Amino acid sequence: MKRNYYLLLVISCLLFAACDKKKDRVFEESPTQRLNTAVTNAQTILKSKPNGWIMQYYPGDDAQYGGFNFFVNFTSNANVNVQADYIATNETSTYKVYPGAGPILTFDTYNSIFAFFAAPGAISGAINYDVGYGGDIEFLVMKATADSVILKSRKRGNNIIMVPMPANPATVISNYRDALDHYYSFDSFRFETATGQVPLSYGAGNNLESLTDNYSLRVTETGVDFYKEYEVNGIKFKLLTFKPATAAYPDGYYENAAGTIKLVPIS
Amino acid sequence: MSACKKEKLDSNSVFVDSTIEKNPLDNYIYSNFILNYNVDILYKYVDKESDLNYNLIPASYTSSIRLTKLFKYLGFEPYDDVTGSKAFIKRYFPKLINFIGEAAYRNNGTRVLGTAEGARKITLYEVNRLTATTGVNADFLTDSYFHTIHHEFQHILNQTTEFPTSFRTISGTGYVDDVWNTTYTSTGAAVAAGFISPYASSSDKEDFAELYSFYITLSATQFNALLNSNGSTAAGRTIINNKLVVVKNYMLSVWNIDMDVLRANIVNRKANLGTFDQTSL
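For the record, the sequence lines run as chains U and X.
Take 1025 as the starting number for the first sequence in this note's numbering and just add one per residue.
Take 30 as the starting number for the second sequence in this note's numbering and just add one per residue.
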């Protein structure tokens, strides 16, 4: 019986051996042409913003160390100026967009702002000897439009979004740095909902840790933005806005739009 | 099968490279390395030329300028002087030199400082350690880059014309393969066993390349100091000197290079590092 199946397979192969090679394409252009177009498009979009982009940079497997805001400005076809919220450095290095599984954006010469996360721990002094924070320097460009550029870090596969920098970059960068300093000015945090509290401590980066869970976040001008939607005590949330101090909350608090969950600093 | 139509292949890649402005280092590499030696330097990170198993960071632009200029000064020009032309390097040196900012760190606490793949490529790590200070430190340059460069180049010469089998018989079954770093934990212990370094004990090929590289990159005084490291023995030194005779003969008879002349050239260049301009392009 088995042999018959094989025979059938061989015969069917012979039957179909002489097919016409031409197939209708789903797209007008060849895959190569489309990849070339995508690379050119990505390069054009990246360079099109005179104030550059705010890059939501998440290093590490599963973005476990939280995110940092990089302020990247592609000033020519080769050069990129990089600043960040975590350090008062302004450094120019090089970049390139090249074809791979799609357009790939690579920051291909040393830039200390990327290197702090991309370097092995032996160099950065972080986490462990070989991997360190596990930050990427190469990104697959998933989508590039004038409103945003969606990247996927190549080694860790984290989603990294870039949005255009507004017209007043110096002020915006300064606001981001102040917000990050403020976020780090406490001893610890707790989540607070109508049904209970979850104590939290600072992680190795911009992540908060409860006894059981890790919450990856990025500090914005107005509050904190989590890497993905998390759920605590049945409340789902991603974006929390900072609210000034009250009598009950002397250090203020971060809260979602519905007012159902608070991230309360403890000092 | 029989009814194919022959199509001419386009010499250009179907993928269009985006135009990137050439900077002064790009121009320097083109006119000094590609045109003169048919060797290219990739100082910008290229993922497919790099080892994806490691977390690597790119070389910096300023350190790359230094290493590029020093590469020519301490890596290529000694051979040009000794052989009388650029043809030797152009013909035999690996075609691709890859710069990486820091070492490739393994989770067992060791790191990779240099690799050579076939006769095609040499990768140098820790390029970002090269600064105004370390750039004039001859020992640093030798340890960090040039020992590796000459070592790997020797492998390529060996792949072109093998060294005499008599070399291997000197240490015979003494080669310990992968356990070299636990078998010999100091230079002195290695020397006592007839190896110039612990790594030289891994195989006859490594032994040959190590001996060659240490000999030509170190002054006579430094080399003798190495031979007399703590724990070394006269018996071990004799074995090494016997091997050295084979290495020297090989270089002279096969490649017409007198290792003592080459060493004098390199040592002299190291002594003049202070006046060598490593930053202007």
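In this text, a Cβ means the ideal position worked out from N, Cα and C, and glycines have one as well.
Being a predicted model, the structure only gives us computed values, none of them experimental.
When the Cα atoms are used, what is the spatial distance from residue i to residue j?
i, j, result
"residue 302 of chain X", "residue 154 of chain X", "21 Å"
"residue 227 of chain X", "residue 204 of chain X", "10 Å"
"residue 308 of chain X", "residue 156 of chain X", "15 Å"
"residue 1099 of chain U", "residue 1074 of chain U", "8 Å"
"residue 241 of chain X", "residue 280 of chain X", "9 Å"
"residue 1236 of chain U", "residue 1226 of chain U", "14 Å"
"residue 239 of chain X", "residue 70 of chain X", "24 Å"
"residue 61 of chain X", "residue 113 of chain X", "17 Å"
"residue 1051 of chain U", "residue 1057 of chain U", "10 Å"
"residue 1184 of chain U", "residue 1176 of chain U", "6 Å"
"residue 1300 of chain U", "residue 1234 of chain U", "Because chain U is modelled from 1025 through 1291, residue 1300 of chain U falls outside the range shown and cannot be assessed."
"residue 1160 of chain U", "residue 1095 of chain U", "16 Å"
"residue 42 of chain X", "residue 48 of chain X", "14 Å"
"residue 125 of chain X", "residue 192 of chain X", "24 Å"
"residue 1262 of chain U", "residue 57 of chain X", "51 Å"
"residue 121 of chain X", "residue 1076 of chain U", "46 Å"
"residue 295 of chain X", "residue 250 of chain X", "14 Å"
"residue 1209 of chain U", "residue 1275 of chain U", "10 Å"
"residue 1121 of chain U", "residue 289 of chain X", "48 Å"
"residue 150 of chain X", "residue 123 of chain X", "5 Å"
"residue 256 of chain X", "residue 266 of chain X", "6 Å"
"residue 1224 of chain U", "residue 55 of chain X", "51 Å"
"residue 91 of chain X", "residue 1116 of chain U", "12 Å"
"residue 148 of chain X", "residue 300 of chain X", "30 Å"
"residue 1346 of chain U", "residue 144 of chain X", "Beyond the ends of chain U as shown, which are 1025 and 1291, falls residue 1346 of chain U; an answer cannot be given."
"residue 169 of chain X", "residue 1203 of chain U", "43 Å"
"residue 199 of chain X", "residue 273 of chain X", "11 Å"
Helix or strand or just coil, what does DSSP make of residue i?
i, result
"residue 133 of chain X", "strand"
"residue 77 of chain X", "helix"
"residue 1297 of chain U", "The shown model of chain U, from 1025 to 1291, leaves out residue 1297 of chain U, and the question about it has no answer."
"residue 1283 of chain U", "coil"
"residue 1274 of chain U", "coil"
"residue 1186 of chain U", "strand"
"residue 37 of chain X", "coil"
"residue 1196 of chain U", "helix"
"residue 127 of chain X", "strand"
"residue 1174 of chain U", "strand"
"residue 243 of chain X", "helix"
"residue 142 of chain X", "coil"
"residue 1290 of chain U", "strand"
"residue 310 of chain X", "coil"
"residue 1167 of chain U", "strand"
"residue 30 of chain X", "No answer about residue 30 of chain X holds up, because its pLDDT of 47 lies below 50 and its placement is not dependable."
"residue 235 of chain X", "helix"
Compute every distance between the C-beta of residue i and the non-hydrogen atoms of the ligand COA, then say whether any falls below 8 Å.
i, result
"residue 1215 of chain U", "This structure lacks the ligand COA, and indeed carries no ligand of any kind."
**Study point:** Entirely enclosed alpha helix (DSSP H) segments - the segment 144–222 of chain X, minimum 4 residues
**Key:** 167–170, 176–189, 195–200, 209–212 and 216–221
Check your understanding: Are three or more beta carbon pairs between the segment 1084–1092 of chain U and the segment 1120–1127 of chain U nearer than 8 Å?
Key -> no
Point to revise | Residues in the segment 1105–1117 of chain U having any Cβ partner in chain X nearer than 8 Å | key: 1117
Check your understanding: If you measure beta-carbon to beta-carbon, which residues of the segment 78–98 of chain X are closer than 7 Å to chain U?
Key -> 84, 86, 87, 88, 89 and 90
Practice item. Could you say if the segment 1213–1233 of chain U and the segment 1281–1291 of chain U meet the contact criterion of at least three C-beta pairs nearer than 8 Å? Key: yes
Check your understanding: Is there contact here, the segment 1098–1114 of chain U with the segment 1268–1277 of chain U, by at least three beta-carbon pairs under 8 Å?
Key -> With contact defined as three or more Cβ pairs closer than 8 Å, the segment 1098–1114 of chain U and the segment 1268–1277 of chain U are not in contact.
Point to revise | Segments of 4+ residues assigned as alpha helix (DSSP H) that fall wholly inside the segment 1198–1268 of chain U | key: none
Review point. In the segment 55–76 of chain X, which residues sit with their C-beta less than 8 Å from some C-beta in chain U, listed in chain order?
Key: 72, 73, 74, 75 and 76
Exercise for review: Evaluate the contact criterion for the segment 1138–1155 of chain U versus the segment 76–96 of chain X: three or more CB pairs, one atom per stretch, below 8 Å.
Suggested key: yes
Check your understanding: Looking at chain U, which residues of the segment 269–291 of chain X have a Cβ within less than 9 Å of any of its Cβ atoms?
Key -> none
Check your understanding: Touch check for the segment 175–192 of chain X and the segment 258–265 of chain X: three-plus C-beta pairs under 8 Å?
Key -> no
Exercise for review: With a floor of 4 residues, list each alpha helix (DSSP H) that falls wholly inside the segment 52–117 of chain X, ordered by position along the chain.
Suggested key: Whole alpha helix (DSSP H) segments, 4+ residues: 53–57, 90–99 and 106–112.
Review point. Is the segment 121–136 of chain X touching the segment 1149–1160 of chain U in the sense that three or more CB pairs, one from each, lie closer than 8 Å?
Key: yes
Exercise for review: Please list the residues of the segment 1138–1168 of chain U that have a C-beta atom closer than 8 Å to any C-beta atom in chain X, keeping them in chain order.
Suggested key: Residues passing the 8 Å Cβ filter: 1138, 1139, 1142, 1143, 1144, 1145, 1146, 1147, 1152, 1153, 1154, 1155, 1156, 1158, 1161 and 1162.
Check your understanding: Mind pulling the beta strand (DSSP E) runs of 3 or more residues that sit fully within the segment 1058–1145 of chain U?
Key -> Listed in chain order, they are 1077–1081, 1092–1098, 1103–1108, 1115–1118, 1120–1123 and 1127–1130.
Practice item. Taking a Cβ distance cut-off of 8 Å, strictly less, list which residues of the segment 1056–1079 of chain U are near chain X, in chain order. Key: Here the close residues are 1056, 1059, 1060, 1063, 1064 and 1067.
Review point. In chain order, what residues of the segment 125–139 of chain X put their CB closer than 7 Å to some CB of chain B?
Key: Within the model displayed, chain B is absent; protein chains U and X are what it includes.
**Study point:** Interface positions of the segment 152–171 of chain X facing chain U (Cβ-Cβ less than 7 Å), listed along the chain
**Key:** 157
Review point. Going along the segment 1175–1204 of chain U in order, which residues come within less than 9 Å of chain X, judged by CB to CB distance?
Key: 1178 and 1179
Exercise for review: Would you check if there are 3 or more beta carbon pairs closer than 8 Å linking the segment 211–229 of chain X to the segment 161–171 of chain X?
Suggested key: no
Review point. In chain order, which continuous runs of the alpha helix (DSSP H) of length 4 or greater are located wholly inside the segment 258–310 of chain X?
Key: Runs of alpha helix (DSSP H) with 4 or more residues, each lying fully within the segment 258–310 of chain X, are found at 263–284 and 288–300, listed in chain order.
Point to revise | chain U contacts made by the segment 225–249 of chain X, where a contact means CB separation under 7 Å | key: none
Exercise for review: With 7 Å as the limit, tell me which residues of the segment 1078–1103 of chain U have their beta carbon closer than that to any beta carbon of chain X; keep them in chain order.
Suggested key: 1100, 1101 and 1102
Review point. Given 8 Å as the limit, is there contact between the segment 1242–1253 of chain U and the segment 1183–1201 of chain U, that is, 3 or more CB pairs closer than that?
Key: Judged by Cβ distances under 8 Å, the segment 1242–1253 of chain U makes contact with the segment 1183–1201 of chain U, as three or more pairs qualify.
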